[in-house]
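A.B. asks:
Numbering (the working numbering), first residue to last: 378 to 565.
1) Using only CA atoms, which one of 537, 464, 513 and 511 lies nearest to residue 494?
2) Do three or more CB pairs link the region 495-507 to the region 442-455 at distances below 8 angstroms?
3) Nearest-angstrom Cα distance between residue 456 and residue 436?
4) State the start and end residues of the unbroken alpha helix (DSSP H) segment that holds residue 530.
5) Work out the CA separation of residue 536 and residue 542 for me, nearest whole Å.
6) Return the CA-CA distance between residue 460 and residue 451, expressed in angstroms with no decimal places.
7) Less than 8 angstroms between the CB atoms is what I'm expecting for residue 481 and residue 414, so what's the real figure, rounded?
8) Around the C-beta of residue 534, are 16 or more other C-beta atoms found within 10 angstroms, so that it is buried, or is it exposed?
9) Hey, residue 487 and residue 524: beta-carbon distance below 8 angstroms or not?
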């Protein structure tokens, strides 16, 4: 996965260009998932495909507008705390607006992030560093809270859990090795 590319770059086994190529290749699975979601919304969420196109377009437009707004608000900020406050407010804005308009918050959030990455400039690097310090503890809290709701007597969950963990690990390892081979092939 992209994590293997980052670890390979940090350990000196991959140069920067190759590590970035591997990371970009491994992000393609997210793109495929988003395309499947957009197609499902397009075809199945409304009475006609034209309405589905309208919903997907509205979600993407909402995300682009929110991303442009966040880029404008973060243009002159340098303090990581202020950047984090604006970013969390932006996330709340895009998800709240998507919920209000009843469109996909996931598609709107991805469009917001892509717009921010394209037009955000220097502030995006500072945001990435600030979010990197915030991301791991947030995942830990969310996993802890999800664990609080696990039903210990739910046999189906305990049967599926080892398979899920094993397949996820296998997918990450195989995806990382395929991406590394593809990056080596592309590099020559």
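For each residue, glycine too, the CB sits at the ideal point set by N, CA and C. All figures in this text were calculated on a predicted structure; none of them were measured in a lab.
C.D. replies: Reading off the structure:
1) Stepping through the chain shown from its first residue, residue 494 is reached at position 117. Nearest option by C-alpha distance: 464.
2) Here the region 495-507 makes contact with the region 442-455; the two share three or more CB pairs at distances below 8 angstroms.
3) Counting from 1 along the chain shown, the entry for residue 456 is found at position 79. Counting from 1 along the chain shown, the entry for residue 436 is found at position 59. CA-CA distance, residue 456 to residue 436, rounds to 30 angstroms.
4) Position 153 of the chain shown, counted from the start, is the residue given in the question as residue 530. Boundaries for residue 530: no alpha helix (DSSP H) harbours it, and the DSSP string shows neither H nor E there.
5) Position 165 of the chain shown, counted from the first residue, corresponds to residue 542. Position 159 of the chain shown, counted from the first residue, corresponds to residue 536. Going from the Cα of residue 542 to the Cα of residue 536 covers about 11 angstroms.
6) Looking up residue 460 in the chain shown gives position 83. Looking up residue 451 in the chain shown gives position 74. Taking the CA atoms as reference points, residue 460 sits about 6 angstroms from residue 451.
7) Here residue 481 refers to the residue found at position 104 when the chain shown is read from its first residue. Here residue 414 refers to the residue found at position 37 when the chain shown is read from its first residue. Indeed, because the Cβ distance is near 7 angstroms, the residues count as touching under 8 angstroms.
8) Locating residue 534 in the chain shown gives position 157, counting from the first residue. Residue 534 counts as exposed, since fewer than 16 other beta carbons sit within 10 angstroms of its beta carbon.
9) The sequence position of residue 487 within the chain shown is 110, counting from 1. The sequence position of residue 524 within the chain shown is 147, counting from 1. No, Cβ-Cβ distance for residue 487 and residue 524 is not below 8 angstroms.
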